[in-house]
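S.K.:
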Ligand code: KIV
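Residue numbers (our numbering): -7 to 249.
1) Residues in its own chain within less than 6 Å of residue 64 by CB, not counting five upstream and five downstream?
2) CA-CA distance, residue 180 and residue 232?
3) Hey, which unbroken runs of the alpha helix (DSSP H) at 4 residues or more fall wholly within the stretch 155 to 230?
4) Where does residue 104 sit, in a helix, a strand or coil, going by DSSP?
5) Measuring only the C-alpha atoms, how far is residue 201 from residue 81?
6) Whole-angstrom Cβ separation of residue 104 and residue 75, contact assumed at under 8 Å?
7) I think residue 123 touches residue 160, with their Cβ atoms under 8 Å apart; what is that distance to the nearest whole Å?
8) State the start and end residues of the unbroken alpha helix (DSSP H) segment that holds residue 30.
9) Can you look up residue 77 in the DSSP assignment and give me helix, strand or coil?
10) Closest to residue 328 by C-alpha separation, out of 69, 102, 117 and 73, would be which residue?
11) Would the beta-carbon of residue 75 be found less than 7 Å away from any heavy atom of the ligand KIV?
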């Protein structure tokens, strides 16, 4: 499918001030569902590791995992902009590693990449953009490095968050995810930046909002408190599978005809 037909990073950048939805997806069928629902920005997040691959942390995800799942989402969609997450280990060592990993994600089907960090990854963002790949930043709670970074507690240090946000913008990112940032600080960052902010657990005043698909669809019994469950697909699936099992057991499926 021609990449010219996909929403570009430049078109997302000018959504500053508009409220727009972003959703994660990890495979072709759900990529298609997200796109059919009118959501034209899809993040293949490294949350893949926890919600699909069953790992305890996103730090377990390899670049190869991301390449496979980015490819699946790209093949399942036609017009949506696909953001591929750079997993832990794919960009820390050097700018060169970061550019190589980003280009691999683009070759797999990503239209842009996302990486975690503020001031400390500014040179990586700049190098990737200079390498020709659009970048989304990600500050606030950064799960890949939560072990060295105050864990998963909400972030509210306005001075340091603003410095991170500005560094990401100045390095050339076209948008920035704010994860679990105090809502007042998220509002301040959104007002201060020319690029769109995309919030998750950061209040209603970011430009866009993103959720993890499995949380939004209720595929697990538990989800983070900020993540609204828009349906109970987990419950509906268990109920349907139970009916299938019962019908096989009592020989009502398949029908005799
Ligand atoms: O990996 C992911 O799904 C993310 C979102 C939580 C923003 O980074």
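Here a beta-carbon is modelled for each residue, glycine too, at the ideal position from N, C-alpha and C.
M.R.: In short:
1) Against the chain shown, residue 64 aligns to sequence position 72. Closer than 6 Å at Cβ, skipping near neighbours: 19 and 20.
2) Here residue 180 refers to the residue found at position 188 of the chain shown. Here residue 232 refers to the residue found at position 240 of the chain shown. For residue 180 and residue 232, the gap between their C-alpha atoms comes out near 46 Å.
3) 175 to 184 and 205 to 208
4) The residue given as residue 104 occupies position 112 in the chain shown. Reduced to three states, the DSSP call for residue 104 is strand.
5) As a position in the chain shown, residue 201 is number 209, starting the count at 1. As a position in the chain shown, residue 81 is number 89, starting the count at 1. About 27 Å.
6) Here the question's residue 104 lines up with position 112 in the chain shown. Here the question's residue 75 lines up with position 83 in the chain shown. Right, the Cβ-Cβ distance comes to about 5 Å (below 8 Å), so this counts as a contact.
7) Along the chain shown, one-based indexing puts residue 123 at 131. Along the chain shown, one-based indexing puts residue 160 at 168. With a beta-carbon spacing of about 17 Å, residue 123 and residue 160 fall beyond the 8 Å limit used to define contacts.
8) Your numbering for residue 30 matches position 38 in the chain shown. No alpha helix (DSSP H) contains residue 30, which DSSP labels as neither H nor E.
9) Here residue 77 refers to the residue found at position 85 when the chain shown is read from its first residue. In the structure shown, residue 77 sits in a strand (DSSP, three-state: E or B).
10) With the chain covering only -7 through 249, there is no way to say anything about residue 328.
11) As a position in the chain shown, residue 75 is number 83, starting the count at 1. It does not: the Cβ of residue 75 is nowhere closer than 7 Å to a heavy atom of the ligand KIV.
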